[in-house]
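Notes follow the structure.
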Ligand SMILES: [Zn+2]
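In the UniProt record's numbering, the protein residues as written are 1 to 311.
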């Protein structure tokens with residue numbers, strides 16, 4: 001068994017305006033970090049294009065049509081003050097979703113023990129019918145529904161450690177008792193949701209907000225006290241991860257103070273859950289992370305643990 005890496009050069013054709021934090025160079029930095037010797041054992045595969053019908057697992061047809069139609073013939077267009085599309089954006093988003101779904105297929109088929117999906121645009125802010133926060137489609141929520149409905153699973157955990165609350169994932173999965181959604185995030189911070197009182201229509205959401213300047217020790221204590229017991233009790237058949245690396249101390253978009261070792265630590269703990277309940281099946285998809293050096297180092301730490309635990 002091994003760790004799969006899914007990515008695609010089409011994800012470099014999602015171009016944002018000059019100075020935008022969610023930029024092409026992020027994915028280049030991630031790709032470069034994963035070309036060093038230690039990552040030679042990754043099972044590398046191109047992320048396929050998702051069928052547009054797969055988007056309907058999270059979004060109404062009218063929304064999909066609207067996003068598709070919004071893509072410009074040239075230049076960029078703003079869907080909201082943060083969220084832009086270029087001519088290649090819709091296709092890049094289909095690669096992102098397609099990569100996550102293929103990764104689910106691979107771990108379900110035993111072709112890989114776990115997987116990292118290195119794609120952009122990210123997805124966890126995209127709500128049922130609203131693009132926002134750099135995100136067009138709710139990639140990880142779509143992957144959760146796909147695993148449940150296509151692979152016949154009955155319990156999927158989605159863990160989001162991006163520094164921003166995964167409001168889109170929460171919106172899509174709010175009333176789906178087959179999913180436990182766990183999110184750690186800085187609060188207050190964009191998008192403003194993610195209070196501990198937001199627990200899901202079926203008690204299926206666990207939000208663990210962290211105050212600004214929280215370090216990795218605080219984060220680990222919250223995970224150990226609240227997230228791990230809930231995940232253990234839920235006993236997921238598959239673990240999906242919204243892997244944002246913007247809680248790193250060097251990240252310019254937020255004020256948490258995690259280090260690279262904290263990303264390795266949470267990856268170990270999520271692999272523990274997957275090992276205990278899910279036959280090791282875990283699929284991690286890239287969300288945020290905006291300091292290129294910190295992003296590269298943190299992704300490398302994350303994927304190194306996936307490889308160690310997936311071997
Ligand atoms: Zn983020």
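Ideal placement from N, C-alpha and C gives every residue a C-beta, glycine not left out.
- Around the beta carbon of residue 213, a 10 Å sphere encloses fewer than 16 other beta carbons of the protein chains shown; the residue is thus reported as exposed.
- For residue 280, the three-state secondary structure derived from DSSP is coil.
- Spatial neighbours of residue 211 in its own chain (CB-CB distance under 6 Å, excluding positions within 5 residues in sequence) are not present.
- When the five nearest sequence neighbours on each side are left out, the beta carbons in the same chain lying within less than 8 Å of the beta carbon of residue 72 are those of 85, 86 and 87, in order along the chain.
- The shortest C-alpha to C-alpha distance from residue 305 to any of 282, 291 and 293 is the one to 282.
- Distances from the CA of residue 246 to each of 165, 14, 13 and 105 were compared; the closest alpha carbon is that of 165.
- For residue 54, the enclosing alpha helix (DSSP H) has its first and last residue at 52-55.
- Closest by C-alpha distance to residue 244, out of 120, 162, 275 and 257, is 162.
- One Cα belongs to residue 268, the other to residue 74, and the distance between them is close to 43 Å.
- Residue pairing by DSSP puts residue 44 in a beta bridge opposite 5.
- For residue 74, the three-state secondary structure derived from DSSP is coil.
- The continuous beta strand (DSSP E) containing residue 209 extends over residues 205-210.
- Contact between the region 95-111 and the region 140-154 is established, with three or more Cβ pairs separated by less than 8 Å.
- For residue 180, the enclosing beta strand (DSSP E) starts and ends at 179-186.
- Nearest neighbour of residue 262 by Cα position, chosen from 278, 295 and 285, turns out to be 295.
- The criterion of a C-beta distance shorter than 8 Å is not satisfied by residue 43 and residue 129.
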